[in-house]
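Colleague:
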Amino acid sequence: MQRNKYTIPLTLIFCLFFLWAISSNLLPTMIRQLMKTCELNTFEASFTESAYWLAYFIFPIPIAMFMKRYSYKAGIIFGLSLAALGGFLFFPASLVKSYWVYLCVFFVIATGMCFLETAANPYVTVLGTPNTAIRRLNLAQSFNGLGAFISAMFLSKLVLSGNNYTRETLPADFAGGWDAYIQQETEAMRLPYLFLGLMLVIVALVFVFTKFPKIADEQEADKAGGKQKLIDFGALRHHNLRWGVIAQFFYNGGQTAINSLFLVYCCVYAGLDEATATTFFGIYMLAFLAGRWVGTALMVKFKPRHMLLFYSLMLMALCIVISIFGGNVGLYAMIAVSFFMSIIYPTQFSLALQGLGGQTKSGSAFLVMAIVGNACLPQLTAYVMHINEHMYQIAYLVPMVCFAFCAYYGWKGYKRS
Numbered sequence: 108m109q110r111n112k113y114t115i116p117l118t119l120i121f122c123l124f125f126l127w128a129i130s131s132n133l134l135p136t137m138i139r140q141l142m143k144t145c146e147l148n149t150f151e152a153s154f155t156e157s158a159y160w161l162a163y164f165i166f167p168i169p170i171a172m173f174m175k176r177y178s179y180k181a182g183i184i185f186g187l188s189l190a191a192l193g194g195f196l197f198f199p200a201s202l203v204k205s206y207w208v209y210l211c212v213f214f215v216i217a218t219g220m221c222f223l224e225t226a227a228n229p230y231v232t233v234l235g236t237p238n239t240a241i242r243r244l245n246l247a248q249s250f251n252g253l254g255a256f257i258s259a260m261f262l263s264k265l266v267l268s269g270n271n272y273t274r275e276t277l278p279a280d281f282a283g284g285w286d287a288y289i290q291q292e293t294e295a296m297r298l299p300y301l302f303l304g305l306m307l308v309i310v311a312l313v314f315v316f317t318k319f320p321k322i323a324d325e326q327e328a329d330k331a332g333g334k335q336k337l338i339d340f341g342a343l344r345h346h347n348l349r350w351g352v353i354a355q356f357f358y359n360g361g362q363t364a365i366n367s368l369f370l371v372y373c374c375v376y377a378g379l380d381e382a383t384a385t386t387f388f389g390i391y392m393l394a395f396l397a398g399r400w401v402g403t404a405l406m407v408k409f410k411p412r413h414m415l416l417f418y419s420l421m422l423m424a425l426c427i428v429i430s431i432f433g434g435n436v437g438l439y440a441m442i443a444v445s446f447f448m449s450i451i452y453p454t455q456f457s458l459a460l461q462g463l464g465g466q467t468k469s470g471s472a473f474l475v476m477a478i479v480g481n482a483c484l485p486q487l488t489a490y491v492m493h494i495n496e497h498m499y500q501i502a503y504l505v506p507m508v509c510f511a512f513c514a515y516y517g518w519k520g521y522k523r524s
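Residue 263 in the working numbering is what sits at position 156 of the sequence shown, and the numbering runs on without skipping anything.
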């Protein structure tokens, strides 16, 4: 009976993981496209990530307060609506053709997605029995991997035309000249976001008309009659949460550094054309999806913290391989990196929330804030790559250091105080 009570809510929550993966994994494609349409270098284009992930630093605490006052469901519906608005704003933004306008739109979309992530991750951990919480979140994150694969393999091909002209290399007989080329490339960016906006509206309506069970902390809030703290900084006294926030900051930064620069690496440094590069990007995300499913299955036999430590050490070794060899060797090593990154985020998230009880929403807010690592560490990686054009691969020592923090969390940081 209990299992049936949770089946529909969990199914809908799993859909959220799919949706925000579509959004966040369109960013590497947009970075590559904006380099063309706005005439940016690698470092300048990397601020697309900053605009998106900065929202994850600013809003998790207000979002947690909102959900503490109302409910997980209210936060999810509001987030879906806001992200949908951002998707529809991409159409007027593409008419303006200003990089700063695009950054503002990405910020709006990310704010809506931040609602979903702040709500969905802890909701999955508490919507069922505690002893299967980590496996449940890894299963939910598998749908995140599916969204990442679809975004990389298919939506990226809708955006990237395969043409990579500059003002100097544009063929003289190109119909309409430079302005026509930029218009053509700009229009290609609209469709995925209009499609995403429609999906978000439909899912929001489903949530409105679906009844969700109240979980323990929401029942406690009802009994307290609004007297509970809306945000509890005391949650950071828990050793596993405190180190979890640190580990998530570095993991997110390292993952996004590799993800966001993947297409740039393929096209600029590995010498691939855009069509081949997007296929490799799809394979890269397929490896991530496979890693999620394999990791979830292995957690039946192996302790999550042991897998976290082993996977993190493998990531460090692979980053060293990329830093030494670069080129095609580095490209194939990145596909292996994608596989081993797969379980890190949900495993760290679940370990960090263990034992928090009524402080779970506050803990979730702090963990989501840690995603701000995406707004600075990829830029550091891109900067190192930009200033060392002949030794570009040493930039991957930055994510290597990031994964060292994940290894520490799997070794000692996870322990509850």
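Glycine included, each C-beta is placed from N, C-alpha and C at the ideal position.
Quick one: complete alpha helix (DSSP H) runs, 4+ long, within the segment 416–465?
Modeller: Qualifying alpha helix (DSSP H) stretches, in chain order: 434–448 and 451–460.
Colleague: Thinking just about the alpha-carbon of each residue, which of 137, 489 and 264 is nearest to the one in residue 389?
Modeller: The sequence position of residue 389 within the sequence shown is 282, counting from 1. Nearest of 137, 489 and 264 to residue 389, Cα basis: 264.
Colleague: Kindly list the residues whose CB is nearer than 6 Å to the CB of residue 215, restricted to its own chain and excluding five residues on each side of it in sequence; keep chain order.
Modeller: Here residue 215 is taken as the residue at index 108 of the sequence shown, counted from 1. Answer for residue 215: 193, listed in chain order.
Colleague: Quick one, are the C-beta atoms of residue 155 and residue 133 less than 8 Å apart?
Modeller: Along the sequence shown, read from residue 1 onward, the residue named residue 155 stands at position 48. Along the sequence shown, read from residue 1 onward, the residue named residue 133 stands at position 26. Not in contact: residue 155 and residue 133 (Cβ atoms no closer than 8 Å).
Colleague: What residue range is occupied by the uninterrupted alpha helix (DSSP H) comprising residue 365?
Modeller: For the purposes of this step, residue 365 is taken as the residue at position 258 of the sequence shown. Per DSSP, residue 365 belongs to the alpha helix (DSSP H) from 346–367.
Colleague: Keeping to the same chain, check which residues put their C-beta closer than 6 Å to that of residue 213; ignore five residues upstream and five downstream.
Modeller: For the purposes of this step, residue 213 is taken as residue 106 along the sequence shown, with counting starting at 1. 158 and 159.
Colleague: So, at 8 Å on beta carbons, what are the nonlocal neighbours of residue 161 in its own chain, with the 5 sequence-adjacent residues on each side left out?
Modeller: Mapped onto the sequence shown, residue 161 falls at position 54. Counting only Cβ-Cβ distances below 8 Å, and skipping sequence neighbours, we find 214, 217, 479 and 482.
Colleague: Can you tell me whether DSSP reads residue 138 as helix, strand or coil?
Modeller: Walking along the sequence shown from the start, residue 138 turns up at place 31. Residue 138 falls in the helix class under three-state DSSP.
Colleague: Taking C-alpha atoms, which residue in 245, 131 and 119 lies nearest to residue 453?
Modeller: Walking along the sequence shown from the start, residue 453 turns up at place 346. Residue 245 is the option with its Cα nearest to residue 453.
Colleague: Nearest to residue 168 by alpha carbon, out of 444, 514, 471 and 210?
Modeller: Taking the sequence shown and counting its residues from 1, one reaches residue 168 at position 61. The option with the nearest alpha carbon to residue 168 is 471.
Colleague: What whole-angstrom Cβ distance do residue 255 and residue 392 have, given they're in contact under 8 Å?
Modeller: For the purposes of this step, residue 255 is identified with residue 148 of the sequence shown, where counting begins at 1. For the purposes of this step, residue 392 is identified with residue 285 of the sequence shown, where counting begins at 1. Rounded, the Cβ-Cβ distance is 4 Å, consistent with contact.
Colleague: Entirely within the segment 272–329 and at least 4 residues each: give me those alpha helix (DSSP H) ranges in chain order.
Modeller: As far as the segment 272–329 is concerned, its whole alpha helix (DSSP H) runs of at least 4 residues are 284–294 and 297–315.
Colleague: Do residue 113 and residue 235 have their beta-carbon atoms positioned less than 8 Å apart in this structure?
Modeller: In the sequence shown, residue 235 corresponds to position 128, counting from 1. In the sequence shown, residue 113 corresponds to position 6, counting from 1. Contact flag set, yes.
Colleague: Keeping to the same chain, check which residues put their C-beta closer than 6 Å to that of residue 108; ignore five residues upstream and five downstream.
Modeller: Residue numbering aside, residue 108 sits at position 1 when the sequence shown is read from its first letter. Only weak support is given to the placement of residue 108: the predicted model assigns it a pLDDT of 37, under 50, and the question is left unresolved by the model.
Colleague: Starting from residue 483, follow the alpha helix (DSSP H) in both directions and report where the run begins and ends.
Modeller: One-based indexing of the sequence shown puts residue 483 at position 376. Note, residue 483: premise wrong, no alpha helix (DSSP H); not H, not E.
Colleague: Would you kindly work out how many angstroms separate the C-alpha atoms of residue 356 and residue 477, rounded to a whole number?
Modeller: Here residue 356 refers to the residue found at position 249 of the sequence shown. Here residue 477 refers to the residue found at position 370 of the sequence shown. About 4 Å.
Colleague: Using the C-alpha atoms, what's the distance from residue 277 back to residue 458?
Modeller: For this step, residue 458 is matched to residue 351 along the sequence shown. For this step, residue 277 is matched to residue 170 along the sequence shown. Approximately 53 Å between the Cα atoms of the pair.
Colleague: If you follow the alpha helix (DSSP H) that residue 237 is part of, which residue opens it and which one closes it?
Modeller: Translated into the one-based positions of the sequence shown, residue 237 becomes position 130. First-last for residue 237: undefined, no H or E at that position.
Colleague: Considering only the beta carbon of each residue, do residue 143 and residue 275 sit closer than 8 Å?
Modeller: Numbered from its first residue, the sequence shown carries residue 143 at position 36. Numbered from its first residue, the sequence shown carries residue 275 at position 168. Contact: no.
Colleague: Decide if residue 115 is buried, meaning its Cβ has at least 16 other Cβ atoms within 10 Å, or exposed.
Modeller: By one-based count along the sequence shown, residue 115 stands at place 8. Result: exposed.
Colleague: For residue 152, collect the residues of the same chain with a Cβ closer than 6 Å to its Cβ; drop the 5 residues on either side in sequence, then sort them by chain order.
Modeller: As a working mapping, residue 152 is identified with position 45 in the sequence shown. Cβ neighbours of residue 152 beyond the five flanking positions: 138, 141 and 142.
Colleague: Our contact map puts residue 187 next to residue 307 with C-beta atoms below 8 Å; I'd like the distance itself, whole angstroms only.
Modeller: By one-based count along the sequence shown, residue 187 stands at place 80. By one-based count along the sequence shown, residue 307 stands at place 200. Indeed they touch by this definition, with Cβ atoms about 5 Å apart.
Colleague: Determine the extent of the alpha helix (DSSP H) in which residue 176 is found, giving its start and end residues.
Modeller: Looking up residue 176 in the sequence shown gives position 69. Residue 176 -> alpha helix (DSSP H) spans 167–176.
Colleague: Measuring alpha carbon to alpha carbon, tell me which residue in 305, 171 and 473 is nearest residue 189.
Modeller: Within the sequence shown, the letter at position 82 stands for residue 189. The residue with the shortest Cα to Cα distance from residue 189 is 305.
Colleague: Residue 477 lies in the alpha helix (DSSP H); which residues open and close that run?
Modeller: Mapped onto the sequence shown, residue 477 falls at position 370. Careful: residue 477 lies outside any alpha helix (DSSP H) and carries neither H nor E.
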